[in-house]
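Asks: Chains as they are written, first to last, in numbering that gives the first Met the number 0: chain A, 0 to 372; chain B, 0 to 372; chain C, 0 to 372; chain D, 0 to 372.
There are 4 protein chains.
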Amino acid sequence: MKKYNVGLIGAGFMGKAHSLAYAGMPMFFWPAPGIPVRKIMCDVSDELAKDAAARFGFEKYTSKWQDLVNDPEIDVVDISTPNNTHAEIAIAAAKAGKHILCEKPIATTTADAFAMVEAVEKAGIKNQLAFNYRRVPAVVFAKKLIDEGVLGRIFTYRGTYFSGGDTKGGMGWRQLRSVAGYGSLGDIGTHSIDVARYLIGDFEAVNGLLRTFVPERPFGPKQEMHKVENDDEASFSIQFKNGAIGSIEAGGNSWGRNNQIAFEIYGEKGAILFDYEHRDELRVAFGDDPVDRRGFRTISTGGPAHPYGNGLWPIDGIGIGYGELKIIECYDFFKAIAENKEATPNFRAGYEISLICDAIAQSSETGKWIEIK
Amino acid sequence: MKKYNVGLIGAGFMGKAHSLAYAGMPMFFWPAPGIPVRKIMCDVSDELAKDAAARFGFEKYTSKWQDLVNDPEIDVVDISTPNNTHAEIAIAAAKAGKHILCEKPIATTTADAFAMVEAVEKAGIKNQLAFNYRRVPAVVFAKKLIDEGVLGRIFTYRGTYFSGGDTKGGMGWRQLRSVAGYGSLGDIGTHSIDVARYLIGDFEAVNGLLRTFVPERPFGPKQEMHKVENDDEASFSIQFKNGAIGSIEAGGNSWGRNNQIAFEIYGEKGAILFDYEHRDELRVAFGDDPVDRRGFRTISTGGPAHPYGNGLWPIDGIGIGYGELKIIECYDFFKAIAENKEATPNFRAGYEISLICDAIAQSSETGKWIEIK
Amino acid sequence: MKKYNVGLIGAGFMGKAHSLAYAGMPMFFWPAPGIPVRKIMCDVSDELAKDAAARFGFEKYTSKWQDLVNDPEIDVVDISTPNNTHAEIAIAAAKAGKHILCEKPIATTTADAFAMVEAVEKAGIKNQLAFNYRRVPAVVFAKKLIDEGVLGRIFTYRGTYFSGGDTKGGMGWRQLRSVAGYGSLGDIGTHSIDVARYLIGDFEAVNGLLRTFVPERPFGPKQEMHKVENDDEASFSIQFKNGAIGSIEAGGNSWGRNNQIAFEIYGEKGAILFDYEHRDELRVAFGDDPVDRRGFRTISTGGPAHPYGNGLWPIDGIGIGYGELKIIECYDFFKAIAENKEATPNFRAGYEISLICDAIAQSSETGKWIEIK
Amino acid sequence: MKKYNVGLIGAGFMGKAHSLAYAGMPMFFWPAPGIPVRKIMCDVSDELAKDAAARFGFEKYTSKWQDLVNDPEIDVVDISTPNNTHAEIAIAAAKAGKHILCEKPIATTTADAFAMVEAVEKAGIKNQLAFNYRRVPAVVFAKKLIDEGVLGRIFTYRGTYFSGGDTKGGMGWRQLRSVAGYGSLGDIGTHSIDVARYLIGDFEAVNGLLRTFVPERPFGPKQEMHKVENDDEASFSIQFKNGAIGSIEAGGNSWGRNNQIAFEIYGEKGAILFDYEHRDELRVAFGDDPVDRRGFRTISTGGPAHPYGNGLWPIDGIGIGYGELKIIECYDFFKAIAENKEATPNFRAGYEISLICDAIAQSSETGKWIEIK
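Structure representation (structure tokens):
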């Protein structure tokens with residue numbers, strides 16, 4: 000199996016998740032589409048980078064991402080840094096001919112996103128955004144059922160992503176417009192948009208409301224009050240090109256919820272429910288079940304009979320966590336490289352999602368439906 | 000305790016539910032605000048009315064609602080007939096000085112609704128619409144918590160009412176515009192609107208989509224295909240006057256759901272979830288619980304400690320059904336009469352809901368937010 | 000339809016529930032097997048009986064149950080009094096040739112229970128014990144599925160009945176051995192035993208533990224501490240005659256639970272789950288569903304397609320409460336009278352359950368399996 | 000940080016899980032108590048071992064476990080082989096002075112288990128059995144609450160472990176007595192016993208039933224019918240030394256269930272529910288909550304505020320899977336080594352569980368309670 004040298008930029012939460020994926024992917028999917036070698040770790044200082052390399056099992060380290068990106072040894076660049084750095088790094092990596100796995104959302108502005116698309120398409124390298132929730136086995140199984148026609152024509156889609164809750168809680172870079180772009184819309188809403196597009200199809204138009212319900216929060220080392228610079232709540236309606244209608248709510252002030260990405264899909268012949276809080280289950284109502292024994296089936300999707308089942312655990316219900324999810328993501332990325340196929344969702348998809356976010360913001364200001372081109 | 004002679008018009012599903020309530024109300028709430036006497040039953044033919052009187056325990060029967068309405072013996076007129084008959088009967092009953100309990104929605108047109116309001120306000124009689132879901136003990140308890148400030152400032156409201164599912168199923172009068180008015184919006188959406196107004200407050204503006212996903216269905220004795228004349232799906236966004244935002248979806252094609260009126264409310268200090276499928280529970284997240292033992296509490300609301308608990312069953316969890324719900328509704332209506340207070344929701348509330356429905360329809364056509372006056 | 004004059008003894012919680020059932024039964028099940036006429040109400044004093052008669056809609060009242068029982072007008076005697084009074088009243092009623100509906104458990108001693116059986120069998124009258132949970136539509140549907148062979152051979156049965164919780168809470172007559180007999184075992188455990196026998200079949204042997212975890216509680220008007228005289232926890236294993244094994248736990252100290260009678264049944268071809276907290280649902284796993292779309296179906300059982308569906312509400316999911324449950328019980332009792340068939344569960348069944356309770360107590364003392372004859 | 004060379008024997012499901020843990024543990028828990036180095040992989044043939052070494056990232060491989068065990072480079076021996084091989088390998092590893100992580104159950108006979116205990120205690124090395132479910136953060140949090148006295152005196156414990164379901168499904172080594180020892184009791188029941196002992200305390204006596212409901216299943220390459228040699232169902236009652244009572248059911252024929260280890264604990268002051276199907280949640284009823292806002296809190300336990308939260312994901316609800324669970328297990332094992340403390344549960348605990356299994360089997364044969372010494 001071919002080895003691929005990975006350079007990972009960013010030693011935070013996502014750096015950890017991706018590192019586990021590089022180590023674990025071939026253990027799960029064997030023979031593997033490629034063996035990721037944890038080659039160079041990059042973080043903002045040599046000290047941090049050195050520590051992270053030891054922790055995450057990388058051979059070398061640097062505090063200069065440019066060095067990493069241009070290192071001839073490196074095959075794959077992994078961008079796990081704050082949103083406002085994605086464009087510069089990705090464009091450089093593309094120019095250097097590296098395949099790129101980039102965290103979501105793609106960028107802080109649609110202009111940056113478009114420049115990234117141009118760079119990777121020109122370079123002809125594989126590029127993937129880490130919208131990982133479309134890779135939950137239950138979600139992939141939902142896609143399979145829809146594609147098989149189990150739901151018939153789709154009527155409605157309801158997506159939610161509720162997180163946070165602590166309205167007194169501190170803020171970080173995700174609440175700074177210049178670093179993060181949109182707030183709840185960008186951070187969690189884009190996941191829901193990605194899943195909706197994956198399952199239902201392209202958006203025709205959107206109409207929504209952005210709000211910043213908690214206008215200031217403690218920030219920085221002294222936890223002084225600072226303005227929240229972007230939305231903490233995004234709620235919008237969707238008209239899909241195929242005639243379905245839908246809504247998505249991305250709420251950053253949801254007491255009692257934690258990381259609850261969920262959806263309900265109702266169609267001509269059935270319905271599907273998913274809730275990441277119970278992520279190993281897909282609930283499916285089959286309209287053609289006999290009337291007296293009809294109801295949502297709670298299908299355990301974390302075992303051999305379901306998507307990625309050959310690679311995951313052999314016992315259904317033994318548990319898919321975030322670790323396993325990132326391993327699946329890693330597998331699909333290297334499979335795209337090995338098979339020379341387009342990775343999904345790619346930067347173009349991320350750019351399209353960025354356009355949708357702009358349209359939602361515009362609709363929130365104008366009160367009008369905005370078409371998605 | 001004072002006795003009130005009731006004349007009930009309409010021997011269908013609602014006639015049954017109301018009859019049980021008249022019989023059972025004093026059994027539950029004792030001393031009762033009044034003893035309803037099942038005096039005259041009215042249905043479309045003498046034969047049907049006679050049979051219904053025997054079944055529902057009424058002393059007399061008639062097939063002429065005008066006779067019932069004008070009978071000097073009658074104190075209370077109960078209108079449990081199709082929507083398009085409400086106005087004529089209610090206006091006549093008001094003129095005759097009878098108190099009126101009327102099934103929802105108020106009428107098929109806002110003009111009719113307004114005429115009904117004028118009539119009852121002129122007559123000075125008690126008038127109540129049977130939006131019964133606001134009377135589920137769990138919902139009343141939610142209202143209590145909100146009023147106490149447990150949630151602090153309300154940020155978002157999400158209401159759903161999913162029913163039906165069988166897209167091949169037959170249609171009835173509820174799918175005929177002239178008899179029913181709006182479809183899913185009028186039949187189930189109005190319940191959700193009533194609950195939202197009850198819990199959160201007045202609407203500032205709405206913006207939504209009406210759809211008829213299943214354009215024709217079997218109808219009539221021969222079950223020949225007939226056009227569905229109104230919406231089977233209504234999805235809309237709300238701006239509340241108090242700054243909260245929200246959405247409601249009323250879906251008549253929801254496989255796997257049956258009569259699922261539900262809501263989620265997120266506020267500054269907590270959150271509340273309700274789902275009529277599990278109607279004896281209210282789920283509440285208290286933001287001030289310690290961080291490591293915080294989460295939705297599943298509170299059983301069907302016992303002595305909760306609203307109407309003195310009148311309902313003495314054992315928590317023994318079960319609130321539709322029968323108990325209608326008994327509560329009946330109790331509140333007679334309490335308003337006995338105490339000479341305004342019944343809620345009254346015809347004016349129903350008229351305001353009718354205006355909201357018109358605004359939703361208008362927004363669906365124009366794509367614009369429509370203000371609610 | 001034939002009218003039956005009912006004399007109801009006991010104006011407490013159960014008197015209320017039964018009164019609602021008498022009023023409501025013909026409204027639901029029409030044409031009715033009989034029209035119950037609320038004729039005489041009996042309670043411990045004339046004052047209480049008079050008040051109860053007004054409240055529950057009875058024509059007359061008395062404080063002497065003997066007069067009620069021997070009144071030639073009376074067709075049906077309803078015994079809703081504490082357990083230790085059942086035998087004397089029931090035997091007198093049987094001698095007077097009245098049909099009897101008696102609350103559960105049958106009596107405080109097996110000797111009393113046996114005397115009751117002898118009396119009713121000699122008198123040839125209809126006799127029914129109010130083990131109402133076997134009449135929940137979901138439970139009846141479970142029985143139907145089992146009888147159809149959907150589960151194949153039954154392997155295991157797990158029953159629970161968790162109630163109460165407040166270990167500081169006061170006690171009443173149910174904690175006095177002379178008035179109640181067994182404690183949690185008698186009050187709630189007998190319901191679970193009845194359901195197990197109904198669904199799975201006869202018991203071969205039992206082995207269990209009785210405990211009184213809270214030895215004293217506030218009692219009486221002054222709420223002075225008083226010894227709890229019977230078990231507050233009963234946990235036992237079952238060997239069924241058909242080879243299945245099972246367990247039942249009846250817990251009276253279950254914080255967070257309220258009136259949660261539940262069961263899980265696993266068989267050769269499928270599994271069934273029921274939980275009264277969500278009483279309108281039966282969860283069924285069909286083993287022959289395809290492996291990738293297999294899982295518990297949450298079947299809404301409160302509508303037309305399920306047991307008693309023709310008589311209950313026409314809309315699935317609109318809600319079955321305790322009121323509806325008691326209406327079903329009443330219907331079945333009058334149907335047995337009208338059709339001259341054995342009512343179920345009859346006093347003999349109650350006597351057999353009493354024998355099982357004795358066997359459980361004996362096993363708790365001896366540590367041995369006790370055969371049920 | 001100190002490096003420890005690990006030799007892993009067994010390249011199956013558990014070999015994969017443990018390998019991921021060795022790679023991922025320092026990524027999660029940093030600074031790590033030790034850095035596991037994947038040194039030697041052993042499987043039944045050189046070919047398989049070589050392939051597994053490549054897949055799981057081991058430096059060397061062998062098909063001779065004796066060589067691995069005695070290799071001076073090796074610090075830790077990981078036994079992930081079928082049950083009947085544990086004793087021989089573990090005793091040899093202990094003699095060679097290696098720390099041992101061994102899969103559960105400890106052995107196929109109590110005699111073997113005792114020999115293993117003697118060997119490791121004599122050698123003075125760290126020894127741990129992979130009863131991983133006691134390490135789910137929610138379970139550890141339950142332990143914390145119990146230890147804090149949140150539940151007060153424990154009254155009852157109900158444990159279940161339901162798996163499998165497919166009664167036509169094939170058998171493997173786990174259904175052969177000589178290879179596996181007990182069936183469902185040994186494979187899954189021992190997990191439940193371990194959790195019960197961890198949470199509630201030592202067992203005083205047990206009384207149960209073992210059954211083999213499916214007597215033969217397809218086996219081997221030709222899938223010919225073969226006798227199932229051990230139990231597929233174990234159900235037993237427990238008397239704990241502290242006065243609590245309990246029951247455990249380990250069912251291997253549970254349609255609709257997959258890997259559902261669950262428990263309910265009721266105590267004087269509260270109750271706790273856990274279900275591995277929803278493993279990121281602990282449900283806790285606090286008896287001292289106000290009566291009208293009391294109910295099970297669904298506490299998300301997969302974040303920073305809960306056990307192991309500093310090492311796991313920084314976002315509550317992002318998901319704990321089997322991978323994360325094994326990482327925790329690995330962390331605790333190396334922590335015991337680094338801090339020279341006893342690992343838990345150790346071989347002695349495994350031996351005690353083996354004694355309990357024997358007692359259950361004996362009670363199943365004799366019908367009597369068997370004391371645990």
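By construction, the Cβ of each residue, glycine as well, lies at the ideal position given by its N, Cα and C atoms.
By how many angstroms is the C-alpha of D:Y156 removed from the C-alpha of D:S246?
Replies: The alpha-carbon atoms of D:S246 and D:Y156 are separated by roughly 6 Å.
Asks: If you reduce the DSSP assignment to three classes, tell me which class D:Y60 lands in.
Replies: The answer is strand: DSSP assigns D:Y60 an E or B state.
Asks: Given this structure, state the Cα-to-Cα distance separating A:L324 from A:P35, to the nearest angstrom.
Replies: Whole-angstrom Cα-Cα distance: 17 Å.
Asks: How should C:D146 be labelled, buried or exposed, when 16 other C-beta atoms within 10 angstroms of its C-beta is the threshold for buried?
Replies: C:D146 should be labelled exposed.
Asks: Ignore the nearest five residues each way along the sequence and tell me which others in B:K38's own chain have a CB closer than 7 Å to its CB.
Replies: Excluding residues within five positions, the ones whose Cβ falls inside 7 Å are N4, V5, G6, F57, E58, K59, E72, I73.
Asks: In three-state DSSP terms, what is B:K38?
Replies: If DSSP states are grouped into helix, strand and coil, B:K38 belongs with the strands.
Asks: Using beta carbons (cut-off 8 Å, strictly below), is A:A53 in contact with chain B?
Replies: So no, A:A53 is outside the interface.
Asks: Quick check: what's the CA-CA separation for C:L208 versus B:I105?
Replies: So the alpha carbons of these two residues sit roughly 59 Å apart.
Asks: Could you tell me which chain C residues have their CB closer than 7 Å to the CB of A:D291, listed as they occur along the chain?
Replies: Here the neighbours are A304, H305.
Asks: Does the count of Cβ pairs from the segment 261–271 of chain D and the segment 200–220 of chain D closer than 8 Å reach three?
Replies: Contact between the segment 261–271 of chain D and the segment 200–220 of chain D is absent, because fewer than three Cβ pairs lie under 8 Å.
Asks: Mind checking the segment 256–290 of chain C against chain A and listing, in chain order, the residues whose C-beta falls within less than 7 Å of any C-beta there?
Replies: From the segment 256–290 of chain C, only V283, V290 have a Cβ closer than 7 Å to chain A.
Asks: In angstroms with no decimal places, state the Cα-to-Cα distance between B:I199 and C:V119.
Replies: Going from the Cα of B:I199 to the Cα of C:V119 covers about 59 Å.
Asks: Compute the distance between the beta-carbons of C:G294 and A:I298, then report whether it is under 8 Å.
Replies: Yes, these two residues count as a Cβ contact at 8 Å.
Asks: From the DSSP output, which residues share a beta bridge with A:E370?
Replies: Its beta-bridge partners are A:A204.
Asks: Could you check the C-alpha separation between C:R256 and D:K121 for me, to the nearest Å?
Replies: Their backbone Cα atoms lie some 49 Å apart in a straight line.
Asks: Mark B:P136 as exposed unless 16 or more other C-beta atoms lie within 10 angstroms of its C-beta, in which case mark it buried.
Replies: Under this definition B:P136 is a buried residue.
Asks: Can you tell me the Cα-Cα spacing of C:A337 and C:P30, whole angstroms?
Replies: One C-alpha to the other measures close to 12 Å.
Asks: DSSP three-state call for B:E250: helix, strand or coil?
Replies: First, the residue type needs correcting, since residue 250 of chain B is Gly and not Glu in the sequence shown. In the structure shown, B:G250 sits in a strand (DSSP, three-state: E or B).
Asks: Only counting runs of 3 or more residues, tell me where the beta strand (DSSP E) segments fall wholly within the segment 271–353 of chain B, in order along the chain.
Replies: Listed in chain order, they are 280–285, 294–299.
Asks: Could you compute how far the alpha carbon of A:E263 sits from the alpha carbon of C:A195?
Replies: Spanning the two alpha carbons is a distance of roughly 37 Å.
Asks: I need the straight-line Cα distance from B:K103 to D:V283, nearest angstrom please.
Replies: Each residue's alpha carbon lies about 40 Å from the other.
Asks: Just verifying my parser: in three-state terms, what is the DSSP assignment at C:A20?
Replies: Of the three classes helix, strand and coil, the one that applies to C:A20 here is helix, per DSSP.
Asks: For C:E232, which three-state DSSP category applies?
Replies: If DSSP states are grouped into helix, strand and coil, C:E232 belongs with the strands.
Asks: Please decide whether A:I298 counts as near chain C, where near means a Cβ-Cβ distance under 8 Å.
Replies: So, interface residue.
Asks: Please confirm whether D:P217 has its beta-carbon closer than 8 Å to some beta-carbon of chain A.
Replies: False, the Cβ-Cβ gap to chain A never drops below 8 Å.
Asks: Compute the distance between the beta-carbons of A:Q65 and A:A91, then report whether it is under 8 Å.
Replies: The answer is yes: Cβ separation under 8 Å.
Asks: With DSSP as the reference, label D:F374 as helix, strand or coil.
Replies: No answer is possible for residue 374 of chain D: the residues shown for chain D start at 0 and end at 372.
Asks: For B:Y197, list the residues DSSP reports as bridge partners.
Replies: B:Y197 is not bridged to any residue.
Asks: Give the DSSP bridge partners of D:Q127, in chain order.
Replies: DSSP output for D:Q127 lists D:L100 as bridge partner(s).
Asks: Residues in the same chain with beta-carbon distance under 7 Å from B:I355, minus the five sequence neighbours each way, listed in chain order, please.
Replies: If we look at B:I355 and ignore the five residues flanking it on each side, its Cβ neighbours are I192, F202, V205, I371.
Asks: For B:N258, write down the residues that DSSP places opposite it in a beta bridge.
Replies: Its beta-bridge partners are B:S162.
Asks: Taking beta-carbon pairs under 8 Å, can you tell me which members of the segment 305–319 of chain B lie near chain C?
Replies: The segment 305–319 of chain B vs chain C, Cβ under 8 Å: W312, P313, I314, D315, G316, I317, G318, I319.
Asks: Under 7 Å Cβ to Cβ from D:M0, same chain only, skipping five residues before and after it: list those, please.
Replies: P30, A31, G33, I34, listed in sequence order.
Asks: What would DSSP say about C:T109, mapped onto helix, strand or coil?
Replies: Three-state result, C:T109: helix.
Asks: Rounded to whole angstroms, what is the Cα-Cα separation between D:R278 and D:A129?
Replies: Computed Cα separation, rounded: 18 Å.
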